[in-house]
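A.B. asks: Submitted below is the structure of interest, expressed as structure tokens.
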């Protein structure tokens with residue numbers, strides 16, 4: 011998806027319907043994971059599940 015606040019593509023990370031953060035590909039920046047202020051609504055998260063979600067978002071953005 012894209013967002014008016016970003017020049018390039020981004021992927022929203024949702025796990026079990028809960029927003030976790032964004033993976034962005036902005037110009038002249040490395041691929042980045044962002045958690046917008048005030049959006050973190052969980053206390054803990056299974057690391058394997060988060061890694062899988064981030065890997066899937068990165069593949070989609072890079073079209074691998």
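In the working numbering, the protein residues as written are 11 to 74. The beta carbon of each residue, even a glycine, is placed where N, CA and C say it ideally should be. Since we're looking at a predicted model, the values are computed, not measured.
With DSSP as the reference, label residue 59 as helix, strand or coil.
C.D. replies: Along the chain shown, one-based indexing puts residue 59 at 49. Of the three classes helix, strand and coil, the one that applies to residue 59 here is helix, per DSSP.
A.B. asks: Classify residue 50 as helix, strand or coil using the three-state DSSP reduction.
C.D. replies: The residue you call residue 50 lines up with position 40 of the chain shown. DSSP places residue 50 in coil when its eight states are reduced to three.
A.B. asks: Between the Cα of residue 27 and the Cα atoms of 63, 72, 36, 73, which residue gives the shortest distance?
C.D. replies: Counting from 1 along the chain shown, the entry for residue 27 is found at position 17. Comparing Cα-Cα distances from residue 27 to each of 63, 72, 36, 73, the minimum goes to 63.
A.B. asks: According to the neighbour-count rule (16 or more other Cβ atoms, all chains shown, within 10 Å of its Cβ), is residue 72 buried or exposed?
C.D. replies: Mapped onto the chain shown, residue 72 falls at position 62. Result: exposed.
A.B. asks: Hey, could you find the ends of the beta strand (DSSP E) residue 31 is sitting in?
C.D. replies: In the chain shown, residue 31 corresponds to position 21, counting from 1. Unbroken beta strand (DSSP E) run through residue 31: 28-34.
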